[in-house]
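>
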Amino acid sequence: MDILPILSTLRRHKLTAWLLILEIALTCAIVCNAVFLIGQRLQRMDMPSGVAEHELLQIQVADVVQPANPYARVQEDLAVLRQVPGVQSVAFSNQVPFGASSSNGNVLLDPDQPQRTLNATTYFGENLVATMGTRLVAGRDLQPDDFVDVDTALKALRTGDSKSLPHVTLITRTLAERLWPGQNPLGRLIYLTPTVGLRVAGVVASLVRPNAYDAATAQYTMVIPLRMGADKGMSYVIRTRPQDRARVLAASLAALKKVDPQRVVTTRRSFDEVRRRFFRDDRAMAGMLVGVIAALLIVTALGIVGLASFWVAQRRRTIGVRRALGATRGDILHYFQTENFLLATFGIVLGMVLAYGINLFLMTHYELPRLPAIYFPVGAIALWLIGQLAVLGPALRAAAVPPVVATRSV
Amino acid sequence: MLGYYLDLALRSLKRNKVLTALMVLAIAVGIGASMTTLTVMQLLSGDPLPGRSAHIYYPQLDPETGADVRKAPPDMLDYITAHDLWQSGKADRQAMVMDGTIKVQPELAGQVPFMATLVGTTSDFFPMFGVPFRYGGSWTAADGAAAARQVVISDVLNQRLFGGANSVGRTIVLNGASVQVVGVLDHWRPRPRFYLLAGARNSGGDTSFYYGKSHDVFLPVSTGLDINAGNFGWYTCWAKPDRMDLQHAPCESVALWVQLDTPAKAAAYRRYLDAYDAQQRELGRLTHPANTRMMSLQAWLAYQNVVPGDVKLQTWLAFGFLLVCLFNTVGLLLAKFLRRGGEIGVRRALGATRHAIFIQCLTEAGVIGLLGGIGGLLLTLLGLALVRRQPVEYADIVALNVPMFLFTLMLAVVAALLAGALPALRASRIPPALQLKTL
Numbered sequence: 060m061d062i063l064p065i066l067s068t069l070r071r072h073k074l075t076a077w078l079l080i081l082e083i084a085l086t087c088a089i090v091c092n093a094v095f096l097i098g099q100r101l102q103r104m105d106m107p108s109g110v111a112e113h114e115l116l117q118i119q120v121a122d123v124v125q126p127a128n129p130y131a132r133v134q135e136d137l138a139v140l141r142q143v144p145g146v147q148s149v150a151f152s153n154q155v156p157f158g159a160s161s162s163n164g165n166v167l168l169d170p171d172q173p174q175r176t177l178n179a180t181t182y183f184g185e186n187l188v189a190t191m192g193t194r195l196v197a198g199r200d201l202q203p204d205d206f207v208d209v210d211t212a213l214k215a216l217r218t219g220d221s222k223s224l225p226h227v228t229l230i231t232r233t234l235a236e237r238l239w240p241g242q243n244p245l246g247r248l249i250y251l252t253p254t255v256g257l258r259v260a261g262v263v264a265s266l267v268r269p270n271a272y273d274a275a276t277a278q279y280t281m282v283i284p285l286r287m288g289a290d291k292g293m294s295y296v297i298r299t300r301p302q303d304r305a306r307v308l309a310a311s312l313a314a315l316k317k318v319d320p321q322r323v324v325t326t327r328r329s330f331d332e333v334r335r336r337f338f339r340d341d342r343a344m345a346g347m348l349v350g351v352i353a354a355l356l357i358v359t360a361l362g363i364v365g366l367a368s369f370w371v372a373q374r375r376r377t378i379g380v381r382r383a384l385g386a387t388r389g390d391i392l393h394y395f396q397t398e399n400f401l402l403a404t405f406g407i408v409l410g411m412v413l414a415y416g417i418n419l420f421l422m423t424h425y426e427l428p429r430l431p432a433i434y435f436p437v438g439a440i441a442l443w444l445i446g447q448l449a450v451l452g453p454a455l456r457a458a459a460v461p462p463v464v465a466t467r468s469v
Numbered sequence: 132m133l134g135y136y137l138d139l140a141l142r143s144l145k146r147n148k149v150l151t152a153l154m155v156l157a158i159a160v161g162i163g164a165s166m167t168t169l170t171v172m173q174l175l176s177g178d179p180l181p182g183r184s185a186h187i188y189y190p191q192l193d194p195e196t197g198a199d200v201r202k203a204p205p206d207m208l209d210y211i212t213a214h215d216l217w218q219s220g221k222a223d224r225q226a227m228v229m230d231g232t233i234k235v236q237p238e239l240a241g242q243v244p245f246m247a248t249l250v251g252t253t254s255d256f257f258p259m260f261g262v263p264f265r266y267g268g269s270w271t272a273a274d275g276a277a278a279a280r281q282v283v284i285s286d287v288l289n290q291r292l293f294g295g296a297n298s299v300g301r302t303i304v305l306n307g308a309s310v311q312v313v314g315v316l317d318h319w320r321p322r323p324r325f326y327l328l329a330g331a332r333n334s335g336g337d338t339s340f341y342y343g344k345s346h347d348v349f350l351p352v353s354t355g356l357d358i359n360a361g362n363f364g365w366y367t368c369w370a371k372p373d374r375m376d377l378q379h380a381p382c383e384s385v386a387l388w389v390q391l392d393t394p395a396k397a398a399a400y401r402r403y404l405d406a407y408d409a410q411q412r413e414l415g416r417l418t419h420p421a422n423t424r425m426m427s428l429q430a431w432l433a434y435q436n437v438v439p440g441d442v443k444l445q446t447w448l449a450f451g452f453l454l455v456c457l458f459n460t461v462g463l464l465l466a467k468f469l470r471r472g473g474e475i476g477v478r479r480a481l482g483a484t485r486h487a488i489f490i491q492c493l494t495e496a497g498v499i500g501l502l503g504g505i506g507g508l509l510l511t512l513l514g515l516a517l518v519r520r521q522p523v524e525y526a527d528i529v530a531l532n533v534p535m536f537l538f539t540l541m542l543a544v545v546a547a548l549l550a551g552a553l554p555a556l557r558a559s560r561i562p563p564a565l566q567l568k569t570l
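Following this line, the structure appears as structure tokens:
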């Protein structure tokens, strides 16, 4: 196919051709970046939690009348919950993975260092590893005699009695690798403050932070052997079989109400809901982006259809003359297809530059990574396809113009 | 004459219905998408206290004594610092703000106790932020100092507890303590809930929480510490705290807001803050290097990056989308008019002036722009209805912003007119004879 005649025709429609090229370029740039953003969101929504999500329930209660002994109240609640048929394991935790509200602490490797090494989240509570179903990969789990009551620990902190503080901790594999790359973390010391040192007793495969906003630090997690009293911020975590969840949740609530009919249940949900709630903005955004991509491609396709239809109608006589001079239907069809291909190619080249520019903008303003090169051909192929599909109808109509048109005056 | 042009325009548009629909739809979709996100953006980035925000400031210093020294002072103050600054009374108005939750025990039989959101503050909070009252008013400064058992409740809570009746003078039971209602707020929904923003900048752009409903229970700080100790939240702690003793806890848990009516007063307060900071370091209570700041309310909102990142991104997307739609329409209009040479030639030959041809083309383009704009309005309403159904905190306050809509409508019409003007100009320039020949 000779493209020179096509170019010279386009030169006569410079403005319209440029508008179409710009439209394609902009669509291409937005589609590249939007597909990339969707990928980012989906990847984020897939973030592993390290716990047996489909088997877990979370309940939070607030006691209207402060129990005389909050620690005894927790033990009573746990005992009652263990009696609920279908419950496999129960824990009382200060926070849950993807729960948003979190307790965090500074990690120092040397008590005298002026700046913290990093910030890690701190889980407290007995029986957490077993209940949540996170896997121990090295060392040992926390034992009952590791645990210290929070109030005892606070008092010890004030009086400087280091014997009554917790001495050990569990950390995630990611945190171990970050603090001591390539070395055995077991037995090493982590300082929460210059006076509180915890020895690493075990390493768990994975346990995500409640506030996992940043994938890089999402696994900076410690489990500290502190025992808490009843408090509205704390959660009962219940493990059961996936199919029993609804029934166990209802029965557990009833059991907790029986302990104290006055108490207010503030949270009751499965971990599937916890995850859904945490990532709902990402899901909404991804859905919106899909909608935008579809709408953009449709609008661009319709624009191509409209413009091509005009050009075909405008060139009816020229087409007739060409047909009369011996051009086949295929020649006419290919002419319009090639024309569209050229316009799309110009648009795509421009669009790539624009896509790169938009990505640079997003990188500086929204902390997004660089657009991987793989997304450029995705946008290009999408627009070439859309262009060819859109132009097919008008081009077929052009090919159907009979040679006799050339001989008619109007 | 315009009537005739309108008639011509409608005829021309009817001749090719599919194409007309395409152009109108493209404009409508572009306007609908950009207007929906722009409305949300404008709603979330507006001034929460119009007319007042210029005089409201947020003093900060670094009260920590731990090993770790922050670059920026923490987002809140410790209780001692906040109380000292508040008690000094150096500003025109000043209020401490702490938040938490509190148990409300309804008197009515059958209603179960529930948790309500709580703000512990001081009496200046209400006049300083222009908080509207439906019934009664704030507690007095003297009542606040005496830790009087008095409370101000929101209209929402008043509805829930008293069915919306004037409840001033009635008693409610909060966390086991009886307190007397002295004021009921009128509907108050600042956007964002600016008085407690600490931490927004660290939430990865996920800030829709800060656009939630305002609090339900407003207690004097002193009363709150008496009856609800242990239930106030804190921003962060630099050492392990004792939950029940917030006044002395090594934690930042209090926001201090001051009103300074003139720049001179603001400068004087800034000097006072520095002097206080220096004095406290001399006394040894503060150990970190001096790091004081005092932002205006607007600067504080910008620093906290409180407009959700997703909303900003959507706004950019929508503008890109509008641009594509406009390119599309302009291209189609151009093609349409440029093909009309013959018809224009006939009209010119029959005596129409260049001016008349020009106006006729513009009328047709204007009609398309207007139709697209109206379609855009419908799509905007649909889009906003969809946003309202989304599970975000600010869903209930999303509504159409009329001036902004008019602006976008104008944009659409102007773009369409521009698209019409160029071919109109060209068509009206060519001598009628030449155009007739091409027929």
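So the sequence lines, in the order shown, correspond to chains A and B.
Residue numbering for the first sequence follows the working numbering, starting at 60 and increasing by one per position.
Residue numbering for the second sequence follows the working numbering, starting at 132 and increasing by one per position.
Using N, Cα and C, we set each Cβ at its ideal position, and we do this for glycine too.
Please read these numbers as outputs of a predicted model, since none were measured by experiment.
Out of B:MET535, B:ALA516, B:GLY503, B:LEU556, which one is the CA nearest neighbour of B:ILE475?
Residue 475 of chain B sits at position 344 when you count from the first residue of the second sequence. In terms of CA proximity to B:ILE475, B:LEU556 leads the group B:MET535, B:ALA516, B:GLY503, B:LEU556.
> By the 10 Å Cβ neighbour count, where 16 or more other Cβ atoms means buried, how is A:VAL469 classified, buried or exposed?
Counted from its first residue, the first sequence places residue 469 of chain A at position 410. With a pLDDT of only 47 at A:VAL469, under the threshold of 50, the placement of this residue in the model should not be trusted; the figure read from the coordinates follows. Label assigned to A:VAL469: exposed.
> Is it the case that the stretch 331 to 347 of chain A contacts the stretch 248 to 259 of chain B, given that we only count it when at least three CB pairs across the two stretches are under 8 angstroms?
no
> Under 7 angstroms Cβ to Cβ from A:SER162, same chain only, skipping five residues before and after it: list those, please.
As a first step, residue 162 of chain A is located in the first sequence; it is residue number 103 there, counting from the start. For A:SER162, where only same-chain residues beyond five positions count, the Cβ hits under 7 angstroms are ASN153, GLN154, THR180, THR181.
> With DSSP run on the structure shown, which of helix, strand or coil describes B:THR636?
Lying before the first or after the last residue shown, residue 636 of chain B is absent from chain B, which here runs from 132 to 570.
> If we define contact as Cβ-Cβ less than 7 angstroms, is B:LYS371 a contact residue for chain A?
Position 240 of the second sequence holds residue 371 of chain B. With 7 angstroms as the cut-off, B:LYS371 counts as an interface residue toward chain A.
> Quick check: the stretch 375 to 390 of chain A against the stretch 349 to 362 of chain A, are at least 3 beta-carbon pairs closer than 8 angstroms?
no
> Among residues of its own chain, excluding the 5 on either side of A:ARG132, which ones have a beta-carbon nearer than 6 angstroms to its beta-carbon?
By one-based count along the first sequence, residue 132 of chain A stands at place 73. The answer, listed in chain order, is PRO126, ALA289.
> Take B:GLY251 as the anchor and find which of B:PHE325, B:ALA360, B:LEU175, B:GLU195 has the nearest alpha-carbon.
Mapped onto the second sequence, residue 251 of chain B falls at position 120. Of the candidates B:PHE325, B:ALA360, B:LEU175, B:GLU195, the one whose C-alpha sits nearest the C-alpha of B:GLY251 is B:ALA360.
> Could you pull out every residue in the same chain whose Cβ sits closer than 8 angstroms to the Cβ of B:THR271, ignoring the five residues on either side in sequence?
On the second sequence, position 140 is the one that residue 271 of chain B refers to. The beta carbon of B:THR271 sits closer than 8 angstroms to the beta carbons of SER254 from its chain, once the five residues preceding and following it are set aside; these are given in chain order.
> Using CA atoms only, rank isn't needed, just tell me which of B:TYR189, B:THR168, B:VAL160 is closest to B:THR423.
To locate residue 423 of chain B, count along the second sequence from 1; it is residue 292. Of the candidates B:TYR189, B:THR168, B:VAL160, the one whose C-alpha sits nearest the C-alpha of B:THR423 is B:TYR189.
> Fully enclosed by the stretch 363 to 410 of chain A, which alpha helix (DSSP H) runs are 4 residues long or longer?
375 to 383
> Mind checking whether the beta-carbon of A:LEU366 lies closer than 6 angstroms to any heavy atom of the ligand SAH?
Looking at this structure, you won't find the ligand SAH or any other ligand, since it has none at all.
> So if I threshold CB-CB distances at 9 angstroms, which residues from the stretch 171 to 195 of chain A count as touching chain B?
ASP171, GLN172, PRO173, GLN174, ARG175
> Between the alpha carbons of A:ALA465 and A:ILE391, how many angstroms are there, rounded?
Position 406 of the first sequence holds residue 465 of chain A. Position 332 of the first sequence holds residue 391 of chain A. About 14 angstroms.
> What residue from B:ALA185, B:GLN173, B:LYS202, B:ARG183 has the CA that sits closest to B:TRP420's CA?
As a first step, residue 420 of chain B is located in the second sequence; it is residue number 289 there, counting from the start. The amino acid at residue 420 of chain B is misidentified as Trp; the sequence shows Pro. Checked all of B:ALA185, B:GLN173, B:LYS202, B:ARG183; the closest Cα to B:PRO420 is B:LYS202.
> Under a three-way DSSP split, which group does A:VAL259 fall into?
Walking along the first sequence from the start, residue 259 of chain A turns up at place 200. Strand at A:VAL259.
> If I measure Cβ to Cβ from A:ASP208 and keep anything under 7 angstroms in the same chain, skipping five residues before and after, which residues do I get?
The residue you call residue 208 of chain A lines up with position 149 of the first sequence. So the qualifying residues of the chain are TYR130, ARG286.
> Please name the residue in B:VAL477, B:LEU493, B:ARG402, B:GLY231 whose C-alpha comes closest to that of B:ALA552.
Mapped onto the second sequence, residue 552 of chain B falls at position 421. Taking only the C-alpha atoms, the option nearest B:ALA552 is B:LEU493.
> Is the Cβ of B:ASN422 closer than 7 angstroms to any Cβ of chain A?
For the purposes of this step, residue 422 of chain B is taken as the residue at position 291 of the second sequence. No, because no Cβ of chain A sits closer than 7 angstroms to the Cβ of B:ASN422.
> Strictly by DSSP, which residues pair up with B:GLN236?
To locate residue 236 of chain B, count along the second sequence from 1; it is residue 105. DSSP lists B:VAL304 as partners of B:GLN236.
> So, under 8 angstroms CB-CB, B:VAL310 and B:GLN281 are touching, yes? Tell me the CB distance rounded to an integer number of Å.
On the second sequence, position 179 is the one that residue 310 of chain B refers to. On the second sequence, position 150 is the one that residue 281 of chain B refers to. About 6 angstroms separates the two Cβ atoms, so the contact holds.
> Identify whether A:PRO453 lies in helix, strand or coil by the three-state DSSP scheme.
Within the first sequence, the letter at position 394 stands for residue 453 of chain A. DSSP places A:PRO453 in helix when its eight states are reduced to three.
> Please work out which residues of its chain come closer than 7 angstroms, Cβ to Cβ, to B:ALA226, disregarding the five sequence neighbours upstream and downstream, and give them in chain order.
On the second sequence, position 95 is the one that residue 226 of chain B refers to. THR252, THR253, ASP255, PHE256, MET259, TRP388.
> Opposite A:ARG322 in the DSSP bridges: which residues?
Taking the first sequence and counting its residues from 1, the one referred to as residue 322 of chain A is at position 263. Paired residues: none, contrary to the question.
> Does the beta carbon of B:GLY451 come closer than 7 angstroms to any beta carbon on chain A?
Taking the second sequence and counting its residues from 1, one reaches residue 451 of chain B at position 320. Chain A contact via Cβ: present.
> Looking only at its chain, what residues have a beta carbon closer than 8 angstroms to the beta carbon of A:THR326, apart from the 5 residues adjacent to it on each side?
The count along the first sequence starts at 1 and reaches residue 326 of chain A at position 267. Counting only Cβ-Cβ distances below 8 angstroms, and skipping sequence neighbours, we find GLN117, ILE118, GLN119, SER294.
> Got a sec: which bits of the stretch 503 to 526 of chain B sit with their beta carbon under 7 angstroms from any beta carbon on chain A, in order along the chain?
Taking 7 angstroms as the Cβ-Cβ cut-off against chain A, the residues of the stretch 503 to 526 of chain B that qualify are GLN521, PRO522.
> What number of angstroms, rounded off, separates the C-alpha of A:ASP273 from the C-alpha of B:CYS368?
For the purposes of this step, residue 273 of chain A is taken as residue 214 along the first sequence, with counting starting at 1. For the purposes of this step, residue 368 of chain B is taken as residue 237 along the second sequence, with counting starting at 1. Those two C-alpha atoms are separated by around 22 angstroms.
> Are the beta-carbon atoms belonging to A:VAL90 and A:GLY365 less than 7 angstroms from one another?
Numbered from 1 along the first sequence, position 31 holds the residue referred to as residue 90 of chain A. Numbered from 1 along the first sequence, position 306 holds the residue referred to as residue 365 of chain A. Not in contact: A:VAL90 and A:GLY365 (Cβ atoms no closer than 7 angstroms).
> Quick check on this structure: which residue in B:LEU350, B:GLY182, B:ASP337 has the alpha carbon closest to the alpha carbon of B:VAL572?
Chain B is shown from 132 up to 570; residue 572 of chain B falls before or after that span and cannot be answered.
> Would A:MET422 be called buried (16 or more neighbouring beta carbons within 10 Å of its own) or exposed?
In the first sequence, residue 422 of chain A corresponds to position 363, counting from 1. Exposed is the call here.
> For a test of the three-state rule: what should DSSP assign to B:THR167, helix, strand or coil?
Start at 1 with the first residue of the second sequence, and residue 167 of chain B comes out as number 36. DSSP places B:THR167 in helix when its eight states are reduced to three.
> Please report how far the alpha carbon of A:TYR279 lies from the alpha carbon of A:VAL267, in whole angstroms.
Sequence index remark: in the first sequence, residue 279 of chain A carries index 220 (1-based). Sequence index remark: in the first sequence, residue 267 of chain A carries index 208 (1-based). Their Cα atoms are separated by approximately 8 angstroms.
> Measure how close the beta-carbons of B:VAL155 and B:LEU502 come, nearest whole angstrom, since I'm counting them as under 8 angstroms.
Taking the second sequence and counting its residues from 1, the one referred to as residue 155 of chain B is at position 24. Taking the second sequence and counting its residues from 1, the one referred to as residue 502 of chain B is at position 371. About 5 angstroms; that satisfies the 8 angstroms criterion.
> What does DSSP give as the partner residue(s) for B:ILE187 in the beta ladder?
Position 56 of the second sequence, counting from 1, holds the residue named residue 187 of chain B. B:GLN390, per the DSSP bridge assignment.
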